[in-house]
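**Student:**
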Amino acid sequence: MIRDLLPQAPPSHGLVVLTGPDACLTVGLLLVLQGAIAERPLLVIDGANACDPYLIADIARRVGLAPRALLRQIRISRVFTCYQLEALLLERLSRARARFNPYGLYLAGPLELLLDEEIERAEAVRVFRNILTALERILEWPWTVVAACPDAVVPAGRESFLPQVQRRARQILRVEVQEDGWRISARGGAAWVWQPAIGPLVARRWW
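First residue of the sequence shown? That's 97 in the working numbering, and the numbers climb one at a time after it.
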């Protein structure tokens, strides 16, 4: 089972935020898959251009599932601009949730597109506020939301984006890649070292 790949399951509802190097994308995916793998779909919004079907197929084989069966359970929407992310969260996500009745939502790199310096600070702040409003509404639904936010250079004036998301989380995890494995630390709680048996997801950035 997926729970054998990681020693801790996410809360049954609410937001989990992971930070760290790109390895946090892999940990986040595994966390949210633990509840979704059996019979209910998982929605994925990929802002880091990171979700890899080959890695998902590898996970399926390791837990004794047909890769195609697991891939059918995962509904991925890739977003390439902050405006696409804004529209998806504000307008389309509620319809997708009603249609698929998913266990949870995985946000891969939800802040990535807001850190692009080609977007003016005032515009990035405006879009972020809309996204935050949508997130608060999404968190009222009885499901698990996992957001993996890889470390990135943050332009001036956008330093508050991640802390504001974290303030809405039930659990905050930090992932660090060390020689003896990946160290996963819960803010105010336990820490453990995980020896990954699968390849990592990698954010493919445009800047």
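We put the beta carbon where it would ideally sit given N, CA and C, even for glycine.
Could you tell me whether the region 224-233 touches the region 184-195, using the rule of 3 or more Cβ pairs below 8 Å?
**Tutor:** Result yes; three or more Cβ-Cβ pairs closer than 8 Å.
**Student:** In the structure shown, what three-state DSSP assignment does Val140 receive?
**Tutor:** What you label residue 140 is simply residue 44 of the sequence shown in a count that begins at 1. In the structure shown, Val140 sits in a strand (DSSP, three-state: E or B).
**Student:** Please report the distance separating the alpha-carbon of Gln180 from that of Ala144.
**Tutor:** Within the sequence shown, residue 180 is the residue found at index 84, counting from 1. Within the sequence shown, residue 144 is the residue found at index 48, counting from 1. Taking the straight line from one Cα to the other gives about 13 Å.
**Student:** Among Ser190, Glu214 and Gly124, whose alpha-carbon lies nearest the alpha-carbon of Trp237?
**Tutor:** By one-based count along the sequence shown, residue 237 stands at place 141. Residue Ser190 is the option with its Cα nearest to Trp237.
**Student:** Between the alpha carbons of Val298 and Glu255, how many angstroms are there, rounded?
**Tutor:** For this step, residue 298 is matched to residue 202 along the sequence shown. For this step, residue 255 is matched to residue 159 along the sequence shown. Near 23 Å, if we compare the C-alpha coordinates of Glu255 and Val298.
**Student:** Using a Cβ-Cβ cut-off of 8 Å (strictly less than) and excluding sequence neighbours within five positions of Gly110, which residues of its own chain qualify?
**Tutor:** Position 14 of the sequence shown, counted from the start, is the residue given in the question as residue 110. Closer than 8 Å at the Cβ level, and outside the excluded window around Gly110, lie Leu235, Thr240, Val241, Ala265, Arg266 and Gln267.
**Student:** What does DSSP give as the partner residues of Gln274 in its beta bridges?
**Tutor:** Here residue 274 refers to the residue found at position 178 when the sequence shown is read from its first residue. Note: Gln274 sits in a beta bridge opposite Gly277.
**Student:** Report buried or exposed for Phe257, applying the criterion of at least 16 other Cβ atoms within 10 angstroms of its Cβ.
**Tutor:** Locating residue 257 in the sequence shown gives position 161, counting from the first residue. It is buried - the Cβ of Phe257 has at least 16 other Cβ atoms within 10 Å.
**Student:** Using a threshold of 8 Å, state whether the C-beta atoms of Pro296 and Ala156 are closer than that.
**Tutor:** The count along the sequence shown starts at 1 and reaches residue 296 at position 200. The count along the sequence shown starts at 1 and reaches residue 156 at position 60. Against a cut-off of 8 Å, the Cβ pair of Ala156 and Pro296 comes out as no contact.
**Student:** Leaving out the 5 sequence neighbours to the left and right, which residues in its chain are closer than 8 Å to Ala146 when beta-carbon positions are compared?
**Tutor:** Position 50 of the sequence shown holds residue 146. Taken in chain order, the residues that qualify are Asp118, Leu121, Ala204, Gly205, Leu297, Val298, Ala299 and Arg300.
**Student:** Report the option in Pro149, Pro163, Tyr199 and Leu209 whose CA atom is closest to the CA atom of Cys178.
**Tutor:** Taking the first residue of the sequence shown as position 1, residue 178 is located at position 82. Checked all of Pro149, Pro163, Tyr199 and Leu209; the closest Cα to Cys178 is Leu209.
**Student:** Just the Cα atoms here: how many angstroms apart are Trp278 and Ala153?
**Tutor:** As a working note, residue 278 is residue 182 in the sequence shown. As a working note, residue 153 is residue 57 in the sequence shown. Between Trp278 and Ala153, the C-alpha separation is close to 22 Å.
**Student:** Going by beta carbon distance, what residues of the same chain come within less than 7 Å of Val250, once the five residues before and after it are set aside?
**Tutor:** The residue given as residue 250 occupies position 154 in the sequence shown. Once the five neighbours on either side are set aside, the close Cβ partners of Val250 are Leu211.
**Student:** Straight-line CA distance for Leu125 to Tyr202?
**Tutor:** For the purposes of this step, residue 125 is identified with residue 29 of the sequence shown, where counting begins at 1. For the purposes of this step, residue 202 is identified with residue 106 of the sequence shown, where counting begins at 1. Answer to the nearest angstrom: the Cα atoms are 7 Å apart.
**Student:** Can you look up Val241 in the DSSP assignment and give me helix, strand or coil?
**Tutor:** What you label residue 241 is simply residue 145 of the sequence shown in a count that begins at 1. Strand, per DSSP.
**Student:** What residues are listed by DSSP as bridge partners for Gly116?
**Tutor:** Your numbering for residue 116 matches position 20 in the sequence shown. For Gly116, which the question treats as bridged, DSSP gives the partners Pro246.
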